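Student: Each number in my numbering corresponds to the 1-based position in the sequence shown with 507 added. All residues carry an ideal CB built from backbone N, CA and C; glycine is no exception. Computed from a prediction, not measured in an experiment: that's the story for all the values here. Okay, handing you the structure first.
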Amino acid sequence: MIDTNSLDWAKGDGLVPAIIQDAATRQVLMLGYMNAEALQLTQETGKVHFFSRSRQSLWKKGETSGLSFKLVNIALDCDQDTLLVEVKPKGAACHTGTVSCFGDDPGPGLGFLAHLRAIIKKRKKDKPKGSYVGSLMARAPKRPAQKVGEEGVEVALAAVSESRTAVAEESADLIFHLLVLLESRDLSLEDVVAVLRKRHAVRAAQ
């Protein structure tokens, strides 16, 4: 929880910028402004609230559009005058229908894996005809597990005898099938990262 008294409200005449970031993909979704009441409501309800500078009033993201943000975490910057708000978005972030207010591209860098995971999750649920993911899920977890084994061997072979491009391509196949396998067991890379973070913390403390 962020103590509202710890922010430098005076610098922005009672408002601070709130950078909204997808907690899974790390993609910046939008920039809004909060006053002390908006911040307090956000933390109390778990739903992101802003202060509209044009209407001079509070508003809750999604109150009319249904495109809401579920709060995950809030961090305060080093100058105590900007908030980083991590969320789980429900639907598109922008009123224009794009994923973010900065365009429709998926998450940057490794954040794309979270975007890919969302597609795999949807394929698992919808079972569209002709879907490769659907065919793997129909025989899960054995078939995805088999593919992970096969692709792992191909990565190892490429690493010792093929080009860097080939290693990258085989690694992409491995990661894709690993995502499918994890989803078939109701897991994600976030669960894997949580294990790695825990191990790192233990070793760092030694």
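So, does the CB of glutamate 658 fall closer than 8 Å to a CB anywhere in chain E?
Tutor: Checking the listed chains, one finds no chain E in this structure; it contains a single protein chain.
Student: Whole angstroms are fine: how far does the CA of valine 535 sit from the CA of leucine 703?
Tutor: Within the sequence shown, residue 703 is the residue found at index 196, counting from 1. Within the sequence shown, residue 535 is the residue found at index 28, counting from 1. C-alpha separation (whole angstroms): 25 Å.
Student: How many Å lie between leucine 623 and alanine 517 at the Cα?
Tutor: By 1-based counting over the sequence shown, the position of residue 623 is 116. By 1-based counting over the sequence shown, the position of residue 517 is 10. Those two C-alpha atoms are separated by around 42 Å.
Student: Let me know if glutamine 563 comes out buried or exposed under the rule of 16 or more other beta-carbons within 10 Å of its beta-carbon.
Tutor: Residue 563 sits at position 56 when you count from the first residue of the sequence shown. That one is exposed.
Student: Would the stretch 683–692 count as touching the stretch 635–653 if we require 3 or more Cβ pairs under 8 Å?
Tutor: Contact between the stretch 683–692 and the stretch 635–653 is present, because at least three Cβ pairs lie under 8 Å.
Student: For valine 674, which residues in the same chain have their Cβ closer than 8 Å to its Cβ, ignoring the five residues on either side in sequence?
Tutor: Along the sequence shown, read from residue 1 onward, the residue named residue 674 stands at position 167. Answer for valine 674: Val662, Ala665, Ala666, listed in chain order.
Student: Helix or strand or just coil, what does DSSP make of serine 678?
Tutor: Mapped onto the sequence shown, residue 678 falls at position 171. Reduced to three states, the DSSP call for serine 678 is helix.
Student: With a CB to CB cut of under 7 Å and the five nearest residues on each side skipped, what residues in its chain are close to proline 635?
Tutor: Counted from its first residue, the sequence shown places residue 635 at position 128. Hits under 7 Å: Gly641.
Student: Distance check for aspartate 529 and serine 561, CA to CA, integer angstroms please.
Tutor: Indexing the sequence shown from 1 puts residue 561 at position 54. Indexing the sequence shown from 1 puts residue 529 at position 22. The straight-line gap from Cα to Cα measures roughly 25 Å.
Student: Helix, strand or coil, according to DSSP, for phenylalanine 683 in the structure here?
Tutor: Residue numbering aside, residue 683 sits at position 176 when the sequence shown is read from its first letter. It is helical.
Student: How should methionine 644 be labelled, buried or exposed, when 16 other C-beta atoms within 10 angstroms of its C-beta is the threshold for buried?
Tutor: Taking the first residue of the sequence shown as 1, we reach residue 644 at position 137. Buried is the call here.
Student: Starting from valine 594, follow the beta strand (DSSP E) in both directions and report where the run begins and ends.
Tutor: Translated into the one-based positions of the sequence shown, residue 594 becomes position 87. Taken as a continuous stretch (DSSP letters only), the beta strand (DSSP E) holding valine 594 covers 590–596.
Student: Where does leucine 694 land, buried or exposed, given buried means 16+ other C-beta within 10 angstroms?
Tutor: In the sequence shown, residue 694 corresponds to position 187, counting from 1. The residue is exposed, with fewer than 16 neighbouring Cβ atoms inside 10 Å.
Student: Name the two residues that bound the continuous alpha helix (DSSP H) containing valine 660.
Tutor: As a first step, residue 660 must be located in the sequence shown, where it is residue number 153. Element bounds for valine 660: 649–668.
Student: So, leucine 590 versus isoleucine 682, is the Cβ gap smaller than 8 Å?
Tutor: Here residue 590 is taken as the residue at index 83 of the sequence shown, counted from 1. Here residue 682 is taken as the residue at index 175 of the sequence shown, counted from 1. No. Outside cutoff.
Student: Contact defined as beta carbons within less than 8 Å: I believe serine 559 pairs with lysine 568. What is the distance between those atoms, to the nearest angstrom?
Tutor: By 1-based counting over the sequence shown, the position of residue 559 is 52. By 1-based counting over the sequence shown, the position of residue 568 is 61. Not a contact, Cβ separation roughly 11 Å.
Student: According to DSSP, is isoleucine 627 part of a helix, a strand, or is it coil?
Tutor: Walking along the sequence shown from the start, residue 627 turns up at place 120. If DSSP states are grouped into helix, strand and coil, isoleucine 627 belongs with the helices.
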